[in-house]
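Okay, structure first, notes after.
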Amino acid sequence: MSDTSSAAVFEELGLTPVINARGNQTVLGGSMFAPKVQETMDAANRYFVDMEALQQRGGEIIAELVGCEAAFVTPGCAAALALGAAACIAGD
């Protein structure tokens, strides 16, 4: 894949991009990042980090922002539900 501009990425795979009239839907790729989020991800992608420490710190920051005792970033709703159920079963 030489041309990574817009739709060319999908066209090289034989796929046709669609118009999203449904909002944030995982089946359509989730959502588009805000430019600042994309810039931050691009900058972070140049380095390696201890993922457990990043997960811990991210949870601390989010918990502080929303005013709760703890938070945990998950890769999606199903993972959040599974982790929440596991925490309830464990009783921790």
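This note's numbering puts the first residue of the sequence shown at 37, with every later residue one more than the last.
Even for Gly, the Cβ is constructed at its ideal location relative to N, Cα and C.
Can you check whether the CB of Ala99 is closer than 7 Å to the CB of Ala89?
No Cβ-Cβ contact shorter than 7 Å links Ala89 with Ala99.
Under a three-way DSSP split, which group does Gly112 fall into?
Of the three classes helix, strand and coil, the one that applies to Gly112 here is coil, per DSSP.
If Gly95 sits next to Val109, beta carbons under 8 Å apart, how far is it from one beta carbon to the other, in whole angstroms?
The Cβ separation is near 6 Å, so the contact holds.
Inter-residue spacing [alpha-carbon to alpha-carbon] between Phe84 and Arg93:
As the crow flies, the alpha-carbon of Phe84 is around 15 Å from that of Arg93.
Nonlocal neighbours in the same chain, by C-beta distance under 6 Å from Glu75, ignoring five residues either side
Take Glu75, set aside five residues on each side of it, and no residue of its chain has a beta-carbon closer than 6 Å to its own.
In this structure, does DSSP put Gly50 in helix, strand or coil?
It is coil, neither helix nor strand.
Inter-residue Cα distance where the pair is Met68 and Gln61
Rounded to the nearest angstrom, the two C-alpha atoms are 11 Å apart.
Contact under 7 Å by Cβ, Ala44 with Pro53
Cβ distance not < 7 Å, so Ala44 and Pro53 don't count as in contact.
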